[in-house]
Amino acid sequence: MITRFRPVRRAARVVALALAGALALAACGTGGSGGGTNEGASAVPLIVPREDMGTFVRNFNPFSPTVAPMTQQAVYEPMFVYNPADGSTTPWLATEWRTSDDGKELTFSLRDGVQWSDGEPLVAQDVVTTFELQKKLLGGLDYLEKAEAVDDATVVFHLNRVSSPALYEIGQQIIIPDHVWSEVDDPAKDANETPVGTGPYTEVLSFENQSFDLGPNPSYWQPEKQKIPSIRMLAFAGNDGANLAAANGEVDWAPQFIPNIEQAFVARDPEHNHYWFPPTGSMINWQLNTTKAPYDDVDVRKALSMAIDREQIVNVAMQGYTHPADCTGLSGGYDTWRDQSLADSCEWTQRDVEAANALLDEAGYPRGGDGNRTLKDGSPFTVTISVGSTSSDWLSVAEIISQNLAEIGVEATVDSPDWSAVVAGYEEGSFDSGIVWSNNAPTPYQFYRGTMSTETVKPVGEQTLENYHRFGDEQADALLTELAATTDQDAQRTIVNELQAEFDAEAPVIPLFPGPEWGAYTDARFTGWPSEDDPYATLSTRAPTTVLVLTTLEPAQG
Numbered sequence: 049m050i051t052r053f054r055p056v057r058r059a060a061r062v063v064a065l066a067l068a069g070a071l072a073l074a075a076c077g078t079g080g081s082g083g084g085t086n087e088g089a090s091a092v093p094l095i096v097p098r099e100d101m102g103t104f105v106r107n108f109n110p111f112s113p114t115v116a117p118m119t120q121q122a123v124y125e126p127m128f129v130y131n132p133a134d135g136s137t138t139p140w141l142a143t144e145w146r147t148s149d150d151g152k153e154l155t156f157s158l159r160d161g162v163q164w165s166d167g168e169p170l171v172a173q174d175v176v177t178t179f180e181l182q183k184k185l186l187g188g189l190d191y192l193e194k195a196e197a198v199d200d201a202t203v204v205f206h207l208n209r210v211s212s213p214a215l216y217e218i219g220q221q222i223i224i225p226d227h228v229w230s231e232v233d234d235p236a237k238d239a240n241e242t243p244v245g246t247g248p249y250t251e252v253l254s255f256e257n258q259s260f261d262l263g264p265n266p267s268y269w270q271p272e273k274q275k276i277p278s279i280r281m282l283a284f285a286g287n288d289g290a291n292l293a294a295a296n297g298e299v300d301w302a303p304q305f306i307p308n309i310e311q312a313f314v315a316r317d318p319e320h321n322h323y324w325f326p327p328t329g330s331m332i333n334w335q336l337n338t339t340k341a342p343y344d345d346v347d348v349r350k351a352l353s354m355a356i357d358r359e360q361i362v363n364v365a366m367q368g369y370t371h372p373a374d375c376t377g378l379s380g381g382y383d384t385w386r387d388q389s390l391a392d393s394c395e396w397t398q399r400d401v402e403a404a405n406a407l408l409d410e411a412g413y414p415r416g417g418d419g420n421r422t423l424k425d426g427s428p429f430t431v432t433i434s435v436g437s438t439s440s441d442w443l444s445v446a447e448i449i450s451q452n453l454a455e456i457g458v459e460a461t462v463d464s465p466d467w468s469a470v471v472a473g474y475e476e477g478s479f480d481s482g483i484v485w486s487n488n489a490p491t492p493y494q495f496y497r498g499t500m501s502t503e504t505v506k507p508v509g510e511q512t513l514e515n516y517h518r519f520g521d522e523q524a525d526a527l528l529t530e531l532a533a534t535t536d537q538d539a540q541r542t543i544v545n546e547l548q549a550e551f552d553a554e555a556p557v558i559p560l561f562p563g564p565e566w567g568a569y570t571d572a573r574f575t576g577w578p579s580e581d582d583p584y585a586t587l588s589t590r591a592p593t594t595v596l597v598l599t600t601l602e603p604a605q606g
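Here the sequence shown stands for residues 49 to 606, numbered as in the working numbering.
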């Protein structure tokens with residue numbers, strides 16, 4: 049997803065001021081003093097734009113929807129890090145974990161010697177408090193009965209049923225300090241302005257509306273890996289300003305969509321400017337509100353899908369950075385799970401205007417003499433596609449869909465208010481249709497749960513954070529229950545194949561393309577970036593693997 053910045057001239061001024069500040073910081077030698085910072089190394093911070101935030105709010109509460117960027121990547125850490133780019137799992141705050149024979153207990157052994165940034169030791173009660181607040185404030189984890197601190201270094205998660213996805217969900221949850229959060233009166237609303245974390249960069253050196261700096265954690269458990277003097281976040285109300293900063297070499301890490309990246313970015317400094325967009329992100333879907341007619345009709349969903357020119361969407365709107373989706377719904381991160389025989393036989397995710405028209409005719413949505421279709425009650429068959437006004441790539445996707453639907457007699461309108469209004473419509477169920485991201489996790493369980501489980505269906509008017517389209521399928525429920533209840537890999541693969549077949553049969557959402565993990569960088573100031581040749585992490589600044597990048601980069605020599 050990208051966003052469009054309004055006044056480019058203002059963006060350039062903000063970048064120039066921020067860069068000037070960064071250089072001034074270097075001149076006066078500030079920027080933090082973590083144990084691993086090289087003596088005499090440049091004190092210029094790692095500069096990272098946030099292209100979808102025009103201003104920052106000093107809120108480092110990891111449970112808050114308005115949390116400041118890098119909170120969950122640089123300030124707090126998980127027990128392990130799963131990397132979708134190569135399928136590896138790296139022990140982090142925990143050194144080992146095991147599952148009981150009956151599958152209902154997960155035991156994690158915490159790493160010895162880890163301290164919070166205020167010098168207090170990491171203990172098992174921190175993990176217990178984290179999950180108590182996670183369940184209370186954000187819900188989910190319905191399989192978790194309780195977390196128990198056996199001793200300071202050991203925490204046991206007691207499950208009320210076997211759940212194969214539980215290990216990854218629990219292991220990747222960032223951990224907060226009990227000695228801080230147990231004293232907070234209202235954890236949901238507390239801004240946590242001066243955070244205490246175990247992460248590599250916890251110290252708030254400065255905070256302004258459009259930039260803030262994080263300095264090294266003085267008590268970090270890997271001081272030799274704190275080679276970045278500090279992190280500077282810059283706020284942009286859209287993608288254009290962030291892209292201008294990247295093209296001008298004014299930021300180090302550009303984790304956003306950059307149109308025509310070879311010319312707009314790489315060609316500006318071929319020696320130092322690079323990018324990598326692995327298709328391991330969420331599947332990007334066109335989601336239809338199935339509480340409304342005619343979207344509750346599977347034939348309509350499939351006919352609309354067959355009208356879509358995914359090749360045009362990928363090549364024009366997405367600049368060729370990804371590829372068309374198939375009828376399994378699975379993104380590139382799940383290639384090892386994909387039933388290729390099913391994917392090769394997909395029909396409703398292939399463009400076929402003639403078949404789409406025939407299916408709508410047969411389903412009872414006639415086309416009048418003016419070429420426009422009507423619903424079964426005689427009213428016009430129209431569609432509204434909601435997309436945030438700043439997302440120029442997704443707006444282009446929606447415009448192409450609109451043009452495609454005209455070929456089957458359906459009039460589509462693209463509605464583009466700001467993202468907060470769009471998301472509110474998704475969450476409340478008042479929207480008609482929209483371009484939406486899917487759940488993304490180490491296994492396909494969460495993807496299919498978020499698209500087909502009745503457990504994730506909320507009534508219109510009640511807020512939901514997934515399954516915006518409000519589709520539930522009992523057959524999918526049964527398969528998801530089976531999948532969660534087995535740790536046998538062959539059995540899991542068989543069940544996931546059946547889930548793919550159910551997705552193909554029901555078309556709960558209309559998959560468009562796997563979302564690339566955007567990532568571009570310059571190695572003029574910092575080296576050690578992940579790449580296709582060295583996929584130790586993705587280049588996302590919002591992923592669990594971000595901490596791997598922050599603890600690998602080091603100032604360029606020379």
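Even glycine gets a Cβ: it sits at the ideal position worked out from N, Cα and C.
Cut-off 8 Å between Cβ atoms - residues of its own chain near residue i, not counting five sequence neighbours on either side
i, result
"residue 429", "342, 413, 420, 421, 422, 423, 457, 458, 459"
"residue 254", "260, 261"
"residue 115", "107, 108, 109"
"residue 607", "This structure cannot settle anything about residue 607, because the visible part of the chain is limited to 49 through 606."
Where residue i falls: helix, strand or coil (DSSP)
i, result
"residue 11", "In the structure as shown, the chain begins at 49 and stops at 606. Residue 11 is therefore absent and cannot be evaluated."
"residue 95", "strand"
"residue 374", "coil"
"residue 191", "coil"
"residue 479", "coil"
"residue 146", "strand"
"residue 262", "strand"
"residue 87", "Because the pLDDT of residue 87 is 36, which lies under 50, any placement of that residue in the model is unreliable, and the question is left without a value."
"residue 244", "coil"
"residue 354", "helix"
"residue 450", "helix"
"residue 347", "helix"
"residue 333", "strand"
"residue 212", "coil"
"residue 301", "strand"
"residue 227", "helix"
"residue 441", "helix"
"residue 73", "Residue placement at residue 73 is poorly supported in this model, since its pLDDT is 34, which falls under 50; the coordinates still yield a value, given next. Here residue 73 sits in helix by DSSP."
"residue 574", "strand"
"residue 580", "coil"
"residue 558", "strand"
Reference residue i, options the options, closest by Cα
i, options, result
"residue 496", "526, 469, 313", "526"
"residue 405", "304, 133, 350", "350"
"residue 326", "585, 602, 604, 605", "585"
"residue 337", "111, 246, 505", "505"
"residue 523", "509, 510, 499, 537", "499"
"residue 310", "302, 322, 589", "322"
"residue 111", "190, 238, 377, 156", "238"
"residue 380", "426, 397, 332", "332"
"residue 555", "403, 603, 375", "375"
"residue 382", "484, 273, 133", "133"
"residue 561", "213, 485, 176", "485"
"residue 212", "344, 154, 572, 569", "154"
"residue 324", "579, 92, 113, 439", "579"
"residue 229", "271, 193, 175", "175"
Nonlocal neighbours in the same chain, by C-beta distance under 6 Å from residue i, ignoring five residues either side
i, result
"residue 601", "276, 574, 576"
"residue 4", "No answer is possible for residue 4: the residues shown for the chain start at 49 and end at 606."
"residue 163", "169, 267"
Residues near residue i by beta carbon distance below 7 Å, same chain, minus five either side
i, result
"residue 199", "172"
"residue 210", "151, 152, 532, 533"
"residue 303", "566, 567, 587, 588, 589"
"residue 465", "437"
"residue 347", "407, 411"
"residue 441", "50, 305, 365, 366"
"residue 593", "129, 131, 585, 586"
For residue j and residue i, believed in contact at Cβ under 8 Å, the rounded distance
i, j, result
"residue 613", "residue 519", "Within the shown structure, residues of the chain are numbered from 49 to 606, placing residue 613 beyond reach of any answer."
"residue 482", "residue 509", "Contact flag wrong, Cβ pair sits at about 17 Å."
"residue 330", "residue 563", "5 Å"
"residue 355", "residue 453", "6 Å"
"residue 236", "residue 185", "5 Å"
"residue 156", "residue 145", "5 Å"
"residue 301", "residue 513", "Not really, about 28 Å apart at Cβ, beyond 8 Å."
CB contact check: residue i to chain D, cutoff 8 Å
i, result
"residue 504", "The chain labelled as chain D is not found in the depicted structure, where only one protein chain is given."
Which parts of the region 383-428 are runs of the alpha helix (DSSP H), unbroken and 4 residues or longer, counting only runs that do not cross its ends? 388-392, 401-411
Minimum length 3: unbroken beta strand (DSSP E) runs contained in the region 465-511: 481-485
Can you give, in chain order, each stretch of the beta strand (DSSP E) that sits fully within the region 108-182 and has at least 3 residues? 128-131, 136-139, 142-147, 153-158
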